[in-house]
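Protein sequences, first through last, are from chains A, B, C and D.
Residue numbers for the first sequence follow the numbering used here, so the first one is 4 and each next one is one higher.
Residue numbers for the second sequence follow the numbering used here, so the first one is 4 and each next one is one higher.
Residue numbers for the third sequence follow the numbering used here, so the first one is 4 and each next one is one higher.
Residue numbers for the fourth sequence follow the numbering used here, so the first one is 4 and each next one is one higher.
For every residue, glycine included, the Cβ atom is placed at its ideal position computed from N, Cα and C.
First up is the structure itself, then whatever we jot down about it.
There are 4 protein chains.
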Amino acid sequence: MSHNRPSRADAVRNRRRILEAAREQMGSHGSAAGMDDIAQAAGVAVGTLYRHFPTKADLVSAVIAEHVGEVAEDAEASLARARGGAPAIDELAGFLDRTTEAIAHNQAVKVAARSLGVEGPAEQPDEARASAAVGELIRRGQDAGTIRGSVSVADIYLLMATAPTDQPAAVRQRWLQLVLPGIRTGQ
Amino acid sequence: MSHNRPSRADAVRNRRRILEAAREQMGSHGSAAGMDDIAQAAGVAVGTLYRHFPTKADLVSAVIAEHVGEVAEDAEASLARARGGAPAIDELAGFLDRTTEAIAHNQAVKVAARSLGVEGPAEQPDEARASAAVGELIRRGQDAGTIRGSVSVADIYLLMATAPTDQPAAVRQRWLQLVLPGIRTGQ
Amino acid sequence: MSHNRPSRADAVRNRRRILEAAREQMGSHGSAAGMDDIAQAAGVAVGTLYRHFPTKADLVSAVIAEHVGEVAEDAEASLARARGGAPAIDELAGFLDRTTEAIAHNQAVKVAARSLGVEGPAEQPDEARASAAVGELIRRGQDAGTIRGSVSVADIYLLMATAPTDQPAAVRQRWLQLVLPGIRTGQ
Amino acid sequence: MSHNRPSRADAVRNRRRILEAAREQMGSHGSAAGMDDIAQAAGVAVGTLYRHFPTKADLVSAVIAEHVGEVAEDAEASLARARGGAPAIDELAGFLDRTTEAIAHNQAVKVAARSLGVEGPAEQPDEARASAAVGELIRRGQDAGTIRGSVSVADIYLLMATAPTDQPAAVRQRWLQLVLPGIRTGQ
DNA sequence: CATGAATGAGCGTTCATTCAT
DNA sequence: AATGAATGAACGCTCATTCAT
C-alpha cells in the first residue's frame with residue numbers, strides 16, 4: 004500500500020496535459036479559447052476535460068492559479084536577492100520587468116496578473132506568498148530610502164495589471180521607465 | 004413612380020443613428036455588443052447596418068474614431084487653457100484624468116484610447132489634431148521646466164491605453180498619482 | 004400596397020414547415036425530439052428554427068397549441084351534431100374516442116391533451132373554444148338525463164389526459180368502455 | 004494472499020444498495036436519474052453499477068420489479084381481508100386507491116405500474132402473485148354481484164397504468180370516482 | 001470483482017454574416 | 001437603398017457507456 008490509489012497516475016498526467024494545453028491555448032487566444040480545442044490540444048476528449056474542470060471558469064481559474072504561483076516564485080527569488088544585499092528597488096523593478104515580459108508572451112498570465120489583489124484576503128496561498136515577498140521588498144527599499152513611502156503592494160499589482168503587454172518590447176520598456184519614478188525616490 | 008426612394012439624407016441619418024446606437028451598446032457591453040442589438044437600438048435592420056459597415060470590425064473602428072474626436076477636443080481645450088497661461092503640466096494631468104474617467108464610464112472609449120498611436124502616421128485627422136495639441140502641451144511644459152524632457156506624445160497615449168479603467172475611482176486616482184512622477188519633473 | 008410586408012410569404016411557409024416537422028418529430032419521439040433534427044426535417048437551418056421559436060419550450064408550446072386547436076374543432080363539430088339532434092352522450096363518447104385515437108398516433112397530441120385545463124383561466128383561445136363546446140355537450144346530456152350530474156369539463160380533460168394512448172387499439176377501446184360508465188347514467 | 008477478495012456476500016449487498024439508491028433517485032427524478040448519481044448515492048463506483056446492471060434499462064427494470072413485488076403484497080393483503088369477509092369491491096377500490104397514491108409519491112412506481120400485464124405471460128413471479136390475488140378479488144366480487152362480469156385483471160392493471168398520478172390529490176380522488184362505476188355494478 | 005477516469009455523440013443555444021425580396 | 005429571414009459553424013456542457021488499472 005505504498006501509494007494512495009491505483010491508476011491515479013494517468014489521471015494526474017491528463018490533468019497536467021489539460022492544464023498545459025489550456026495554458027497554451029489561452030496563451031494565444033486568451034480565455035476565448037474553446038473547451039473542445041483545449042481538449043483536443045491535450046489529446047483527451049471533452050468529457051475528460053470536464054471531469055477535471057467542471058466549468059470553463061474552473062479551468063481558467065486553474066490556469067491563473069498556476070501563473071500566480073510563478074509570479075510568487077519570482078517575487079520570492081527577488082526578495083532572496085534583496086536579503087542577500089541587492090538593492091531592493093532594483094529587484095522590484097526587475098520583478099516588474101520580468102512579470103510584464105511574461106505576460107507579453109502569454110495572454111493567460113495577464114488575466115492572472117489582473118486577478119491579483121482583487122479577491123478577499125489571500126484566498127490563494129500563492130497570492131499570499133507573492134504579497135508577502137513583494138511587501139518585504141517594498142519595506143526594504145523604503146528603509147533604504149530608495150522606494151517612496153507611499154508605495155504599497157497593491158500599487159505593484161496595479162502596475163502589473165496595467166502593463167502594455169500587447170505592445171512591442173520597446174513600448175513595454177518605455178512604459179517601465181515611465182512608471183518607475185512613481186515608485187522610486189529621487190529625481 | 005410615386006414611392007419614395009431613400010434619399011442620400013436618409014442614408015446619412017441612418018449612419019448617424021447606427022453609430023449612436025453602437026456607441027451606446029458598446030459603451031455598456033464593450034465590443035461584445037451584438038450586431039442585431041445595435042441594429043435594433045438604431046431602429047434599422049441588420050442589413051442596413053451591414054451596408055454602412057460591412058464588418059463588425061468596421062463598426063467598431065468607426066465608434067473608436069468618434070471617441071478619438073472627443074479626445075482631440077479635450078486635448079485642444081487643454082492646450083487653449085495652457086496658451087492662456089495655465090500650467091501645462093496641470094493641463095496634461097487634467098487631460099489624462101478626464102480621459103481616464105471617460106473610459107471608465109464607457110467601454111468603447113477604452114478601445115478607442117488603445118488604438119491611439121498604433122496605426123501608421125496620422126491615418127485619422129482627429130488623431131492628428133489630438134497629437135498636435137498634446138504635443139504642444141508637452142513642449143510648453145518642457146519649456147517651463149515642469150515636464151520631463153523625455154516625455155513624448157506616444158507616452159501619453161501609452162498611459163491612456165493602460166489606465167485601470169475597470170477599477171473603482173479610488174484605484175484610478177491612485178494610478179494617476181503613481182504615474183505622474185514619470186511625466187513631471189522634480190521630486 | 005396591397006399586402007403588409009414583402010417577402011413574408013417565405014417566412015410564413017418556413018414557419019409552417021417547421022411546425023409540421025416538429026409535429027412529426029415530436030409525434031414519434033415526444034418532446035425529446037432534437038432541435039437540429041426538427042430543423043433538418045423542415046429543410047431549414049437551426050438558426051431559422053430559433054428565429055421562429057426562440058426556445059425549445061416555445062416550439063413545444065406551439066405544437067401543443069395546434070393540437071389544442073384540432074381538439075377544439077372536434078369538440079365543436081360534436082356539439083353541432085348534438086344541437087342537430089344527435090344524443091349528447093354519444094357525441095361526448097365519440098369525442099373522447101377520437102381524441103384518444105389521435106393521441107395514440109401522435110405523441111405530441113398527448114402532451115397537448117395533458118396541458119388542457121391546467122393553466123390559468125382560458126389562456127389559450129382554442130382551449131376556451133374546446134371548453135365551451137364540451138361544456139355545452141355535457142349540459143345537454145345532463146338535461147337529457149344521459150350524463151351524470153357530477154360530470155364536469157375538467158373530468159373530460161382528465162380522461163383525455165389519462166387515456167392509455169401507448170397501448171394497442173383493443174386496449175384503448177376497452178379503456179373507453181371501462182371509463183364511460185362514470186360519465187353516463189343508468190346501469 | 005492476505006488481501007480480501009470481495010465475497011459473494013459483498014456483491015449481494017452492493018446490489019441491494021444500488022437498487023435502494025436507484026429507487027430513491029428514480030422516485031424523485033423518474034428514469035431521468037443519472038447513472039453516476041445513482042452510483043454515488045449507493046456508495047459504489049459506476050463500474051460496479053454496470054457490473055450488476057449492464058444497461059440503464061436493466062436497472063430500471065429491476066426497480067420496477069421491486070415495486071411490482073410491493074403491489075403484489077398489497078393485492079394479497081386485500082384478498083386476505085376479502086376472504087375474511089370484507090366486501091371484495093371495497094378491497095379492490097382500496098387497492099386501486101393505495102396503488103395510485105403510492106405512484107403519486109414515487110415516480111418509479113409509475114413506470115412499474117405501467118409495465119404490469121405488458122410482458123409475456125407471467126415473466127415475473129411477483130406479477131403472477133399480484134395477478135392471482137387481484138383475479139380472485141374480482142371473482143369474489145363478481146360472485147357477490149358487486150363487480151361487473153366483464154372486469155378482468157388486465158382492466159385493473161390498465162387503470163393503475165393510467166391513473167393521473169402527477170396531479171393533486173383531489174384530482175386523483177375524483178379520477179377514482181370517475182372510474183369506479185366501470186368496475187362496480189349498479190348505478 | 002471494484003474502481004473511476006475516459007470517451008464522444010449529442011444537446012440547446014448564439015451570432016456574425018449573406019441574400020432574396 | 002432597406003429589409004429581415006436564413007445560414008451554419010461554434011460554443012459550453014451532459015451523460016450512458018467502456019475499459020485500463
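Rounded Cβ spacing between residue i and residue j (contact assumed at less than 8 Å)
| i | j | result |
| --- | --- | --- |
| V66(D) | A35(D) | Going by Cβ atoms, the distance from V66(D) to A35(D) rounds to 13 Å, so no, they are not a contact pair. |
| A136(C) | A75(C) | 7 Å |
| G144(B) | I92(B) | 5 Å |
| I186(D) | L95(D) | 7 Å |
| A60(C) | I41(C) | About 14 Å; that fails the 8 Å criterion. |
| V71(B) | Q127(B) | 6 Å |
| G106(C) | T165(C) | Sequence check: residue 106(C) is Ile here, not Gly. With a Cβ gap of about 11 Å, I106(C) and T165(C) do not count as contacting. |
| D129(C) | A68(C) | 7 Å |
| L99(C) | I150(C) | That pair is no contact at about 12 Å. |
| S81(B) | L162(B) | Not really, about 15 Å apart at Cβ, beyond 8 Å. |
| R20(D) | A45(D) | 5 Å |
| S134(B) | V154(B) | Between V154(B) and S134(B) the Cβ distance is about 14 Å, and since that is not below 8 Å, they are no contact. |
| M38(B) | V49(B) | 6 Å |
| P184(B) | P184(A) | 4 Å |
| V182(A) | V182(B) | 6 Å |
| G189(B) | N109(B) | Actually they do not touch by this definition, with Cβ atoms about 34 Å apart. |
Bridge-paired residues (DSSP) for residue i
| i | result |
| --- | --- |
| R187(D) | I150(D) |
Three-state class that DSSP yields for residue i in the structure shown
| i | result |
| --- | --- |
| G119(C) | Here residue 119(C) turns out to be Leu, not Gly, going by the sequence shown. Reduced to three states, the DSSP call for L119(C) is coil. |
| P9(A) | Low local confidence applies: a pLDDT of 42 at P9(A) is under 50, so the model's placement there is unreliable, and no value is given. |
| Q110(D) | helix |
| Q28(D) | helix |
| Q180(D) | helix |
| R18(A) | helix |
| E23(A) | helix |
Note to self: Restricting to runs no shorter than 4 residues, where is the alpha helix (DSSP H) found entirely within the region 131 to 177 of chain B?
What the structure shows: 156 to 165
Under 8 Å: do the region 169 to 179 of chain C and the region 169 to 178 of chain D share three or more Cβ pairs, one atom per stretch?
no
* Asked: Would you call the region 44 to 58 of chain C and the region 73 to 88 of chain C in contact, with 3 or more CB pairs under 8 Å?
  -> no
Segments assigned alpha helix (DSSP H), at least 4 residues, entirely inside the region 36 to 108 of chain A: 38 to 45, 49 to 55, 59 to 86, 91 to 107
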